[in-house]
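4 protein chains.
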Amino acid sequence: MVIVMSAAAAGSDVGTAVALIEKAGGQAFVSRGAGRTLVCVVGDPDGFSALNLSALPGVDTVIRTSAAYKLVSRENCLARSTVQVAGASIGPGHVTLVAGPCAVESYDQTLRAAEMAAVAGATMLRGGAYKPRTSPYAFQGLGEAGLRILADVREATGLPIVTEVVDAADVGLVSSYADMLQVGTRNAQNFALLRAVGEAGTPVMLKRGMSATIDEWLMAAEYIAQHGNLDIVLCERGIRTFETATRNTLDISAVTIVQQLSHLPVIVDPSHSGGRRDLVLPLTRAAVAIGADGVIIDVHPDPATALCDGPQALIEGDLLELADILTRWGRITARHADYAGASAY
Amino acid sequence: MVIVMSAAAAGSDVGTAVALIEKAGGQAFVSRGAGRTLVCVVGDPDGFSALNLSALPGVDTVIRTSAAYKLVSRENCLARSTVQVAGASIGPGHVTLVAGPCAVESYDQTLRAAEMAAVAGATMLRGGAYKPRTSPYAFQGLGEAGLRILADVREATGLPIVTEVVDAADVGLVSSYADMLQVGTRNAQNFALLRAVGEAGTPVMLKRGMSATIDEWLMAAEYIAQHGNLDIVLCERGIRTFETATRNTLDISAVTIVQQLSHLPVIVDPSHSGGRRDLVLPLTRAAVAIGADGVIIDVHPDPATALCDGPQALIEGDLLELADILTRWGRITARHADYAGASAY
Amino acid sequence: MVIVMSAAAAGSDVGTAVALIEKAGGQAFVSRGAGRTLVCVVGDPDGFSALNLSALPGVDTVIRTSAAYKLVSRENCLARSTVQVAGASIGPGHVTLVAGPCAVESYDQTLRAAEMAAVAGATMLRGGAYKPRTSPYAFQGLGEAGLRILADVREATGLPIVTEVVDAADVGLVSSYADMLQVGTRNAQNFALLRAVGEAGTPVMLKRGMSATIDEWLMAAEYIAQHGNLDIVLCERGIRTFETATRNTLDISAVTIVQQLSHLPVIVDPSHSGGRRDLVLPLTRAAVAIGADGVIIDVHPDPATALCDGPQALIEGDLLELADILTRWGRITARHADYAGASAY
Amino acid sequence: MVIVMSAAAAGSDVGTAVALIEKAGGQAFVSRGAGRTLVCVVGDPDGFSALNLSALPGVDTVIRTSAAYKLVSRENCLARSTVQVAGASIGPGHVTLVAGPCAVESYDQTLRAAEMAAVAGATMLRGGAYKPRTSPYAFQGLGEAGLRILADVREATGLPIVTEVVDAADVGLVSSYADMLQVGTRNAQNFALLRAVGEAGTPVMLKRGMSATIDEWLMAAEYIAQHGNLDIVLCERGIRTFETATRNTLDISAVTIVQQLSHLPVIVDPSHSGGRRDLVLPLTRAAVAIGADGVIIDVHPDPATALCDGPQALIEGDLLELADILTRWGRITARHADYAGASAY
């Protein structure tokens, strides 16, 4: 059972509901997002009927749900969510561009990449300070020094930052610099980390595990939501298949399916899914056309010297076409996206 | 080594080249498509240098290729091909819609589906008379009676027909009715069938095997080309992965990669890849946006009674949106598609 | 519904049952194997109750089955089948070794490989005359000349032959030479071919499709059985996964699962699953230990010059260890295999 | 470059080598296991030639390696390792049984499961106190209370404990109870956790990621080794494929391949790979036969009431057959395993 609190609900209204539920022997998980508070109630739903929860102050509706994921489910026509990130927003009705270097290498490199991102229309900057690398001998990221660079570049460009956190113990530190936390594909079922970013309250971008089913991906989001944080953006970044022509296989269908199953925004990472620069713009066109709420793209001022994933970074010469796709295509997609939303329910 | 014959080359020019090559101990495979004739030369390339092949009458250029697939490769900037199918065409610069019922069930059902296809802007009719079904107890198609129905509906609507052939022995019969032969995903490495459709000369739509790499898919096309037929359209229809939310996982990246590797047109089957009606229009948007040369879509006047794959068929109410996607999106994609082609080489 | 005929049933008994069923509006598919005849009845089971089929002459039992595959299902405790191949047998209680060259290249090469096979304890000879190859430019097999070589080597060694058939049109020709027909992984859903080998009556080895689920594999076997032939041996040969260290991933669990679901014998191909000589003996140990009814193994007198799949062929020096595995391990496995069979039902 | 220290080397010998390397501008990673100390040297190998490292006191040999994983590689014929776990050992020459409940639920349940394990011949007890579960609403384990139960059961039975740790922050706590730490499939690329268990020094069982290639799996082990800990046991537990008949597909070939590539012991988890009780004993037979150094198996006194993975737990009645497999089969495998080791190099 999920209680949808009204926009005008006071904190005390939530407290009242929670207290009643716990008194009746249930468990209540409060999850807060931009302009939306949900309470997930665990226990026998029949046991709560006497509570008449829908009549409580501040309660909008009460949804009986059979979805395995409750707080992130779209069941019962819940409107799709918009996540706010320090002035930028990701949600239905427009296409958000998040761009930047795969890894933060230096202030100059990051600044130049951020300027490239801005030229293409980005409203958020991506960049990794903690890099999960297959080999322990590969560049592991600059750590906190990288976070400071990101903060300085934000200062210079005004772009809010999304950056990856790879350990629950680092969530506090990374949150103190970042506007949005990224949970990467290798940590998609690192439940300790999911709980920690849930408790942190900072908006989260949750990448799909490279072998996660859509169900498992939404369950991972549910961990974050259950621990208090409903400001979650899902990111499709390709799955592992037998095909070796691409680093991963972009599962473009997942965008539509997840938008039907969940109210959370969904963006696409055309850089990491293909792993090839020549696929980034075509996959961006596909992502925008199918109705993704945004794209996250690697750009680098000099990919040949990049310390991580150079071959997939866009360069200067690609930016105008990227901008063109996002404006021209975004416009006609918005209409489709709304229709899709409407027709699905 | 591949000899590109000029558009004006006479049949005797081809014969002269072949005779020279064979005399020099090589093998020559002549492959003919709409407005394009290629000759694949197998043997030691150095052994043919004295022949001065590029100076022969009717020879445009001679390409030394290292691609494993030679006749279907795009190496050395070969312009992308257009395949002509009885008045319809599939190739760069526009988006072709092929639509119709998954299986031919009756004249009425097929006619009504064809009329639906036409409303959406289809220039070709699809429909299966021979159905490869997982179970021997499932409906196996009407066979030749189905082919006759297709021919009658072509008569009534003017739409050329593409229909599947599942056995080398049937190629002659199916060719006598169909304008284009379809080789299905389960026969993607049925080499006897590939050879037979190569020899038949009728245009071919070659679906990707559900577990075929892009390389294997192009190699399957090479079998057809090597046996004389260059009028091949490749069709991405989803690959088999661990994800069970969709029947297959549409590998949208494959469209761009194949257009780079091969001169052959590439279309997408959004119906069979997702296996769900609610994904057909979104996936069509993605396919058009990435630059597919067409889409092939199941439509059915009454999906609830369909003998095969009803759940994925579009209905009456979907047709206008489908038409809108193809016109509105097709227009702006054409420009991108040309750019992509240009930039790739 | 499946009618199990008694061992003593006359041909006329089968005819009587079929006639009754058809008169009652049902369809009857008669399937014959070594010492076992089954009749699959399609139609409303309640409609046949008045026929009292189990009282008919020659009828042993009547099984109501809900399995999608009926003739090859093991439902209702059907004892596991043994398939007889010209004196050799494959079935429960012992481990059959089928060995020989991947491709027949010459009489000498085939004879030497057959002698190697015999040294290792093989009771059947494998060897391909028709080779399905990814590239049309690769060696495609010797065709009928290869079949003649196989027949000559059988003459010289006494080993019955299993060889692949790749086209329905060739089934008659190949059957005229071979003791057992092999349907390869690429033709695992070539239904025209499955029907043809079903009608031919020659024993069949059906390889699993490289992306076939166990259900699809059994359904493919059902096609053969439905067309009259119950002498089918299933062969697990690895499936396609993301792992690239091996050519395919041997699905060793499939052996046990298929033996539970079907009465047909199951063998393992450790050569093609791994694609590496150094895995053949270890995978053979695993196959024998889990209870496979046999193994099919590539041997070659001189792998370095092999025209097909040399890197996976065993050489002279491996034969004694192979023989040792099959005898020593086979002995203790036989007991387990029987137990497994008993405990599973 | 890897320095193999001799068994008699003093701690000061290692210190001397490290100091020299660092003085020459290199990095040295010291990794210690039972009876084996390795030093991985990163930097230009030619730059270290003047150091004459092989002549240093306590140095056995110096290996120039091109393997991406250096400390865990078997390059240059390194003998296979044995890992010691509080009296139990895992390594070549015998088959170790680790058994116990999937999750620790209570003292009684754990004690009874441990007694079952002992009956089957287990020398180590498994049991989860921290359970990584797909759903946040599923039983998440008893946490430290579970660790205390495990310690009490160890006291009662004498069996050393392996238990999972899911967060780097918990490594100290879990190490204070456990004899061996388990890193689960979902954390196979949780590099923060891998580093932490590397530093802890407690022996580690590293499960293969469900979509990890063999290379990625060995790289994960290298993280642990690089951080000081060479007492690592690798555990194959099935990979994710398209097949749905089993929870995962056991990649039995991986056992042999990993034993060739790495000196670390490799065990198999037949319970989690199949996810079905009826597959556990057959897969155990296959694992022992191919030469796995051990198996880890779920047992439960009452699977029907299990809070986690009941359907795959062995019961009382299976134990004697399990014991029989391990003794009877283990004996004849030992010989093969040694041979395999010998022949591979």
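Chains as they are written, first to last, in the UniProt record's numbering: chain W, 1 to 345; chain C, 1 to 345; chain F, 1 to 345; chain X, 1 to 345.
Yeah, the Cβ is synthetic: ideal placement off N, Cα and C, and Gly gets one too.
C-alpha distance - residue i paired with residue j, whole-angstrom precision
{"i": "X/Phe139", "j": "X/Ala129", "result": "10 Å"}
{"i": "W/Val2", "j": "W/Gln259", "result": "19 Å"}
{"i": "W/Ser273", "j": "W/Asp179", "result": "24 Å"}
{"i": "C/Gly141", "j": "F/Ile290", "result": "41 Å"}
{"i": "C/Glu164", "j": "C/Leu193", "result": "11 Å"}
{"i": "X/Thr256", "j": "X/Leu279", "result": "21 Å"}
{"i": "C/Glu321", "j": "W/Leu264", "result": "25 Å"}
{"i": "X/Ala122", "j": "X/Val183", "result": "20 Å"}
{"i": "C/Val266", "j": "C/Ala10", "result": "29 Å"}
{"i": "W/Asp167", "j": "X/Glu222", "result": "19 Å"}
{"i": "C/Pro160", "j": "C/Asn229", "result": "19 Å"}
{"i": "F/Arg195", "j": "C/Ala287", "result": "37 Å"}
{"i": "C/Ser343", "j": "C/Pro45", "result": "Residue placement at C/Ser343 is poorly supported in this model, since its pLDDT is 36, which falls under 50; the coordinates still yield a value, given next. Each residue's Cα considered, the two are about 30 Å apart."}
{"i": "F/Ile252", "j": "X/Ser81", "result": "27 Å"}
{"i": "C/Thr246", "j": "C/Met210", "result": "13 Å"}
{"i": "F/Thr110", "j": "F/Ala99", "result": "11 Å"}
{"i": "W/Leu181", "j": "C/Gly317", "result": "42 Å"}
Classification of residue i by the beta-carbon crowding that lies within 10 angstroms, buried from 16 upward
{"i": "X/Leu78", "result": "buried"}
{"i": "C/Thr37", "result": "buried"}
{"i": "F/Pro27", "result": "It is Gln, not Pro, that sits at residue 27 of chain F in the sequence shown. With fewer than 16 other Cβ atoms within 10 Å, it is exposed."}
{"i": "W/Pro57", "result": "exposed"}
{"i": "C/Arg64", "result": "exposed"}
{"i": "C/Gly294", "result": "buried"}
{"i": "X/Asp108", "result": "exposed"}
{"i": "X/Gly127", "result": "buried"}
{"i": "X/Arg331", "result": "exposed"}
{"i": "W/Tyr339", "result": "Since pLDDT at W/Tyr339 reaches only 41, below the 50 mark, its modelled position is unreliable, and no value is offered."}
{"i": "X/Thr284", "result": "buried"}
{"i": "X/Ser73", "result": "buried"}
Candidates the options, of which the one nearest residue i by Cα
{"i": "W/Asp298", "options": "W/Arg74, W/Arg112, W/Phe48", "result": "W/Arg112"}
{"i": "F/Leu51", "options": "F/Glu321, F/Val18, F/Ser73, F/Ala34", "result": "F/Val18"}
{"i": "X/Val162", "options": "X/Met124, X/Arg195, X/Gln226, X/Gly91", "result": "X/Met124"}
{"i": "F/Arg133", "options": "C/Ile149, C/Glu75, C/Glu216", "result": "C/Glu216"}
{"i": "X/Ala7", "options": "X/Ala103, X/Arg32, X/Ser271, X/Ile296", "result": "X/Arg32"}
{"i": "W/Arg276", "options": "W/Ile267, W/Cys308, W/Ser106, W/Val288", "result": "W/Cys308"}
{"i": "F/Asp60", "options": "F/Leu218, F/Gly35, F/Trp329", "result": "F/Gly35"}
{"i": "W/Ala103", "options": "W/Pro301, W/Leu326, W/Gly25", "result": "W/Pro301"}
{"i": "F/Ala225", "options": "F/Asp324, F/Ile214, F/Leu147, F/Ser262", "result": "F/Ser262"}
{"i": "C/Ala254", "options": "C/Phe29, C/Ala220, C/Ala292", "result": "C/Ala292"}
Closer than 8 Å to chain B by CB, residue i
{"i": "W/Phe29", "result": "No chain B is part of this structure, whose protein chains are labelled W, C, F and X."}
Residues of the stretch 179 to 205 of chain W with Cβ closer than 7 Å to any Cβ of chain X, in chain order: Arg186, Asn187, Gln189, Asn190, Phe191, Ala192
Interface positions of the stretch 118 to 139 of chain C facing chain F (Cβ-Cβ less than 8 Å), listed along the chain: Those residues of the stretch 118 to 139 of chain C that come within reach of chain F (Cβ to Cβ, closer than 8 Å) are Pro132, Arg133, Thr134, Ser135, Pro136, Tyr137.
Residues, ordered as in the chain, of the stretch 288 to 317 of chain X that lie near chain F by beta-carbon distance below 8 Å: For the stretch 288 to 317 of chain X, the set of positions with a beta-carbon nearer than 8 Å to some beta-carbon of chain F reads Val288, Ala289, Ile290, Gly291 in chain order.
Three-pair Cβ contact test at 8 Å for the stretch 158 to 177 of chain W versus the stretch 191 to 209 of chain C: no
Touch test, the stretch 148 to 163 of chain X against the stretch 185 to 200 of chain X, Cβ-Cβ under 8 Å, three pairs minimum: no
Contact list for the stretch 223 to 257 of chain W against chain X, Cβ threshold 7 Å: Tyr223, Gln226, Arg240
Cβ contact (3+ pairs, closer than 8 Å) linking the stretch 231 to 248 of chain X and the stretch 234 to 243 of chain F: Under the three-pair Cβ rule at 8 Å, the stretch 231 to 248 of chain X counts as touching the stretch 234 to 243 of chain F.
Members of the stretch 259 to 276 of chain F that neighbour chain X once the beta carbon cut-off is set at 8 Å: Gln260, Ser273, Gly274
Chain C contacts made by the stretch 162 to 179 of chain F, where a contact means CB separation under 9 Å: Using a CB distance below 9 Å, the part of the stretch 162 to 179 of chain F facing chain C consists of Val166, Asp167, Ala168, Ala169, Asp170, ordered along the chain.
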